[in-house]
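**Student:**
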Amino acid sequence: MTEHRYNVKETESRWQAAWADQKVFEVTEDPSKKKFYALAMFPYPSGRLHMGHVRNYTLSDVVARYKRAMGFNVLNPMGWDAFGLPAENAAMENQTHPAKWTYQNIAVMKNQMKMMGLAIDWSRELTTCAADYYKHEQKFFLDFLKNGLAYQKEAFVNWDPVENTVLANEQVVDGRGWRSGALVERRKLKQWFLKITDFADDLLDGVRELSGWPEKVRIMQENWIGKSQGLQFRFEYDGQAVAGDTLEIYTTRPDTLFGASFVAISPDHPVSAELSANNSGVADFVTQCRAIGTSETAVETAEKIGFDTGLKVKHPFIKGATLRVFIANFVLMDYGTGAIFGCPAHDQRDLDFARKYSLNVIPVVIPDGEDPKSFAVGMEAYTGPGRLYNSDFLNGMGVDEAKAEAISRIEKAGMGEGTTLYRLRDWGVSRQRYWGCPIPIIHCDACGVVPVPENDLPITLPEDVHFSQPGNPIYNHPTWKNVDCPACGKAAQRETDTFDTFFESSWYQFRYCDPQNKERGFDKDKVAYWAPVDQYIGGVEHAVMHLLYARFFTRALKKCGYLNFDEPFTALFTQGMVTHETYKDPAGKWLYPADLKRVGDKFVHASTGEAVTVGRIEKMSKSKKNTVDPVEILETYGADAARLFILSDSPPERDLEWTESGIEGAWKYLSRLWRLVMNADFNGKGGDTEAMRRKIHKTIHDMTQDLEKFHFNKSVARLRELSNALEDFSAAKHDGATLKEGCEVLLRLMSPLIPHIAEELWQVMGHKTLLVDAKWPEADAGLLANDTVTMAIQVNGKLRATVTLPKDMAQADAEKAALGEAGVQKAMEGKPARKIIVVPNRIINVVV
RNA sequence: GCAGGCGUGGCGGAACGGUAUACGCAGCGGACUUAAAAUCCGCAGGGAGCAAUCCCGUGGGGGUUCAAGUCCCCCCGCCUGCACCA
280 MTEHRYNVKE
290 TESRWQAAWA
300 DQKVFEVTED
310 PSKKKFYALA
320 MFPYPSGRLH
330 MGHVRNYTLS
340 DVVARYKRAM
350 GFNVLNPMGW
360 DAFGLPAENA
370 AMENQTHPAK
380 WTYQNIAVMK
390 NQMKMMGLAI
400 DWSRELTTCA
410 ADYYKHEQKF
420 FLDFLKNGLA
430 YQKEAFVNWD
440 PVENTVLANE
450 QVVDGRGWRS
460 GALVERRKLK
470 QWFLKITDFA
480 DDLLDGVREL
490 SGWPEKVRIM
500 QENWIGKSQG
510 LQFRFEYDGQ
520 AVAGDTLEIY
530 TTRPDTLFGA
540 SFVAISPDHP
550 VSAELSANNS
560 GVADFVTQCR
570 AIGTSETAVE
580 TAEKIGFDTG
590 LKVKHPFIKG
600 ATLRVFIANF
610 VLMDYGTGAI
620 FGCPAHDQRD
630 LDFARKYSLN
640 VIPVVIPDGE
650 DPKSFAVGME
660 AYTGPGRLYN
670 SDFLNGMGVD
680 EAKAEAISRI
690 EKAGMGEGTT
700 LYRLRDWGVS
710 RQRYWGCPIP
720 IIHCDACGVV
730 PVPENDLPIT
740 LPEDVHFSQP
750 GNPIYNHPTW
760 KNVDCPACGK
770 AAQRETDTFD
780 TFFESSWYQF
790 RYCDPQNKER
800 GFDKDKVAYW
810 APVDQYIGGV
820 EHAVMHLLYA
830 RFFTRALKKC
840 GYLNFDEPFT
850 ALFTQGMVTH
860 ETYKDPAGKW
870 LYPADLKRVG
880 DKFVHASTGE
890 AVTVGRIEKM
900 SKSKKNTVDP
910 VEILETYGAD
920 AARLFILSDS
930 PPERDLEWTE
940 SGIEGAWKYL
950 SRLWRLVMNA
960 DFNGKGGDTE
970 AMRRKIHKTI
980 HDMTQDLEKF
990 HFNKSVARLR
1000 ELSNALEDFS
1010 AAKHDGATLK
1020 EGCEVLLRLM
1030 SPLIPHIAEE
1040 LWQVMGHKTL
1050 LVDAKWPEAD
1060 AGLLANDTVT
1070 MAIQVNGKLR
1080 ATVTLPKDMA
1090 QADAEKAALG
1100 EAGVQKAMEG
1110 KPARKIIVVP
1120 NRIINVVV
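The first sequence begins at 280 in our numbering and counts up one residue at a time.
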């Protein structure tokens, strides 16, 4: 028989063309079929695909193809998260326009994606920087405004005084502008916010219900929302009062009020500001606090420092007692009220502070079993449970009871109230950047803030802008911002800020349901059919921001009448990173894997021959040069090999180490599969057909389970087992019909993973219709059950023999068979069995 | 510091509380070849033994159980996220 080599390139592009020509993956709403919406997080068009993309889209593709074979009407779209800072940076560096750069990248990356053979409905492709996309989010924003979900307030930005521009957080490195190197200033600007805090509780309750999400992500969102129950109340000043008659604080430990020994306020607190005005000592201290900064390392190492303001407040429960008021560097202005009471015995920070300034440490919660009279706090605060002590009317209560009682007393006295507080802040959406969606607002001297009339949408970006001068190009444009006020007709100015690019990615999952709609962002019925997304797949780096914003957006759109559900993504899968070994030359410079040559078990530089040191395995990144270009892999080995390696090497949620030998191995398997089918003799006779058929149907059953659970590495292992068994069966020239059944099942099961070669071999086997349209195989239940089983026999828990017995054998007979085994008798050393445990069809344990 | 995850051969990883190391990568031996590549067959946790076989083995230490990689307690190490949130 002539053996043809598998021609990957030709075959893969031929089937890609066939699927596209027949519009196999294009879908419309079909109420008669169950829908399945599979979505991969859409990419930022940075230039080229990286391996992380390839892994992501391989995973979503397997899901989409599998669900399709299962008979679902599968929506699997793709688009471009096209606004963002890198386009502006590229524009500055290369004297190009962000739009040109972006669209060029999209063209390149789309082409690369097509090489992967993805089951995508390209007719639904969307690009967020296109006006026909962002037009709709401008409308949403106007609706949010009408519904009280958007508002303006002053907020700090990072201001680069040399470049005269606002910097994004990631453009600030060690407190300096990344380009200019100038010290970044905090400047207050009026900016737009979305009221995500309105939904804080709802987002929290919702995330707890999302059973299809990883526990990890759910917890991260819960922590981000950061709900806490506590007491907000007002201290009365004793003597001098500043900025009002009372000082309001927030605490989650009202039970420890009797242990209070000081009050501390933030350096940014209005009281600090007022005192600074008249007291240079205070002003200096506040400046000192701000200089320490808020970076992680600074926070970790910074000492707790305070400044005694000389102010005093009255203890709410202890008549005549007063507490000194400090300004302290560890009190944050943007949480609670920016002021706290310190109870050093039961809070570590308060304790550190108290020890430094020699303040009282009064234990008021005594751990069970401790003697209150001798219980003392040294350098470690006690934060656990216990009984109240030294606390008047709270004495003897547990912590929770005491909290409730303290709140109740304060409320009765009219001094404050029990409060629920969230760490979550409203979402600031204004960005002082060019390459984003313009905020549809006009500022009029006479009328103030005027929303752009809906008929005037979209407000498109000016195209003739320059990036050579400092500042925001939109703001610098000579005419764009000039407009007549829609309300009074007088000269007014457009808002020159653009939306945070998380705005676009918060609703794209709905736009995919109705991407051509010119009137609205999407049709309610179409979204009702497709949404919510059944399986969302992407990187864990979006665990908080993007996913939280999208969840908020869905609720906001619901409030504005656009849809009628809360959660956009029913199930979420977060994939691991793609990693690779790192390499350095003798000078310590990073080297690309492609620049190396293997000599024996070592690497040398391919052109210079210099020795290369192999470093640790790290996430692929340009800076460490440990990247592998997907296109080279796709061109050398093809999409199927890349997909197979990605799927088989590691469980998808874990990191995947990219290795040359791994991709080679995948390629070798494809050749083997090819030979199996090409060389198969379907006219053979004999052999243990029943055993073979059992293996085939067991594989169907197990593989289906694996796919449902995202255990793709296991499913590949099972398919290789089946493949190995079929090779033996074929080599032995056994029954042709069984071999044919096996090969066909193998191809159908392989189809979601390595679709091109599976499709090709399907045709080779004589099929005239597409494999991609074939139904998922069903396991024959009759073949799943075996009539004999191999049972393990243990003596005192140690394996001593295995024995093949009829299935569901009577317990007594099984015991007898077990005791008859030579190995068992030897291990029993002639002693009688004290006990025999029989787990039917599985194991027998003899205890002597 | 808090929260979450992980720890199994040389490596990636399998294992409803029930035969630990499936499947693969790398390795070794052999076949084919002038040779290599490709391919095929075989070996392969550690130790002892000519062998049958036996002992030890899932980061460490305890425990529950007829039986523990799996469940419980303590400890060690690595990774991720959050971080002075009162």
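By construction, the Cβ of each residue, glycine as well, lies at the ideal position given by its N, Cα and C atoms.
At what residue ranges does the region 797–822 contain a whole run of the beta strand (DSSP E), taking only runs of 3 or more?
**Tutor:** 814–818
**Student:** Can residue 623 and residue 640 be called in contact, C-beta distance under 8 Å?
**Tutor:** yes
**Student:** As a quick exercise: from 1055, 943, 723, 564, pick the residue whose alpha carbon is nearest that of residue 987.
**Tutor:** 1055
**Student:** Which of the three DSSP states is assigned to residue 723 in this structure?
**Tutor:** strand
**Student:** For residue 576, does the count of other Cβ atoms within 10 angstroms reach 16, so buried, or fall short, so exposed?
**Tutor:** Any reading at residue 576 is ruled out, since the residue's pLDDT is 42, under 50, leaving its predicted position unreliable.
**Student:** Specify, as a first and last residue, the run of the beta strand (DSSP E) that residue 846 falls within.
**Tutor:** No beta strand (DSSP E) holds residue 846; DSSP gives it neither H nor E.
**Student:** Excluding sequence positions up to five away, which residues of its chain have a Cβ less than 6 Å from the Cβ of residue 1119?
**Tutor:** none
**Student:** On the DSSP letters alone, give me the boundaries of the beta strand (DSSP E) that residue 319 sits inside.
**Tutor:** 314–319
**Student:** For a quick check, are the C-beta atoms of residue 874 and residue 850 less than 8 Å apart?
**Tutor:** no
**Student:** Can you have a look at residue 395 and say buried or exposed, based on whether 16 or more other CB atoms are within 10 angstroms of its CB?
**Tutor:** Classification of residue 395: buried, given that the 10 Å Cβ count is 16 or more.
**Student:** Give the straight-line distance between the Cα atoms of residue 384 and residue 562, rounded to the nearest whole angstrom.
**Tutor:** 52 Å
**Student:** What is the rounded straight-line gap between the Cα of residue 710 and the Cα of residue 862?
**Tutor:** Straight-line Cα distance between these residues: approximately 39 Å.
**Student:** Identify whether residue 462 lies in helix, strand or coil by the three-state DSSP scheme.
**Tutor:** It is a strand residue.
**Student:** Exposed or buried, residue 300, counting other C-beta atoms within 10 Å across all chains shown (16 or more means buried)?
**Tutor:** exposed
**Student:** Counting only the same chain and skipping the five closest in sequence on each side, list residues whose C-beta sits under 7 Å from that of residue 801.
**Tutor:** 789, 790, 792, 793
**Student:** Count Cβ pairs between the region 1056–1065 and the region 977–994 that sit closer than 8 Å; are there 3 or more?
**Tutor:** yes
**Student:** How far does the beta strand (DSSP E) with residue 1103 in it reach, from first residue to last?
**Tutor:** Unbroken run through residue 1103 is the alpha helix (DSSP H), 1101–1107; no beta strand (DSSP E).
**Student:** Taking the straight line between their C-alpha atoms, what separation do you get for residue 574 and residue 458?
**Tutor:** Only weak support is given to the placement of residue 574: the predicted model assigns it a pLDDT of 41, under 50, and the value that follows is read from those uncertain coordinates. Roughly 20 Å between the two C-alpha positions.
**Student:** Which same chain residues end up closer than 7 Å to residue 890 when comparing Cβ atoms and leaving out the 5 residues on each side of it in sequence?
**Tutor:** 865, 883
**Student:** Which runs of the beta strand (DSSP E) spanning at least 3 residues fall entirely within the region 502–581, listed in chain order?
**Tutor:** 506–515, 525–530, 541–544
**Student:** How many whole angstroms separate the CB atoms of residue 729 and residue 764, which I take to be in contact at a CB cut-off of 8 Å?
**Tutor:** 6 Å
**Student:** Reducing DSSP to helix, strand and coil, say where residue 782 ends up.
**Tutor:** coil
**Student:** Going by beta carbon distance, what residues of the same chain come within less than 7 Å of residue 546, once the five residues before and after it are set aside?
**Tutor:** 565, 568, 569, 606, 608
**Student:** Look at the alpha carbon of residue 722 and the alpha carbon of residue 473, and state the distance between them as a whole number of angstroms.
**Tutor:** 19 Å
**Student:** Would you tell me roughly how many angstroms separate the C-alpha atoms of residue 1035 and residue 924, rounded to the nearest one?
**Tutor:** 15 Å
**Student:** Would you mind working out which of 918, 904, 926, 936 sits nearest residue 896, comparing C-alpha positions?
**Tutor:** 936
**Student:** Alpha carbons only, please: which of 538, 521, 534, 537 is nearest the one belonging to residue 548?
**Tutor:** Minimum Cα distance to residue 548 is reached at 521.
**Student:** Enumerate in chain order the residues of its own chain whose CB-to-CB distance from residue 298 is below 7 Å, with the five nearest sequence positions on each side excluded.
**Tutor:** 304, 1051
**Student:** I'd like to check one pair, residue 1096 with residue 1084: are the Cβ atoms closer than 8 Å?
**Tutor:** yes
**Student:** Would the region 968–980 count as touching the region 907–917 if we require 3 or more Cβ pairs under 8 Å?
**Tutor:** no
**Student:** State buried or exposed for residue 1116, treating a residue as buried only when at least 16 other CB atoms are found within 10 Å of its CB.
**Tutor:** exposed
**Student:** Taking only the alpha-carbon atoms, compute the straight-line gap between residue 905 and residue 331 and give it to the nearest angstrom.
**Tutor:** About 13 Å.
**Student:** Can you pull the DSSP bridge partners for residue 439?
**Tutor:** 444
**Student:** Which parts of the region 462–498 are runs of the alpha helix (DSSP H), unbroken and 4 residues or longer, counting only runs that do not cross its ends?
**Tutor:** Listed in chain order, the complete alpha helix (DSSP H) runs (minimum 4 residues) inside the region 462–498 are 479–488.
**Student:** Along the chain, where does the alpha helix (DSSP H) containing residue 335 start, and where does it finish?
**Tutor:** 330–348
**Student:** Ordered along the chain, which non-local residues of its own chain (more than five positions away) have a Cβ less than 8 Å from that of residue 630?
**Tutor:** 623, 624, 640, 656, 658, 659, 660
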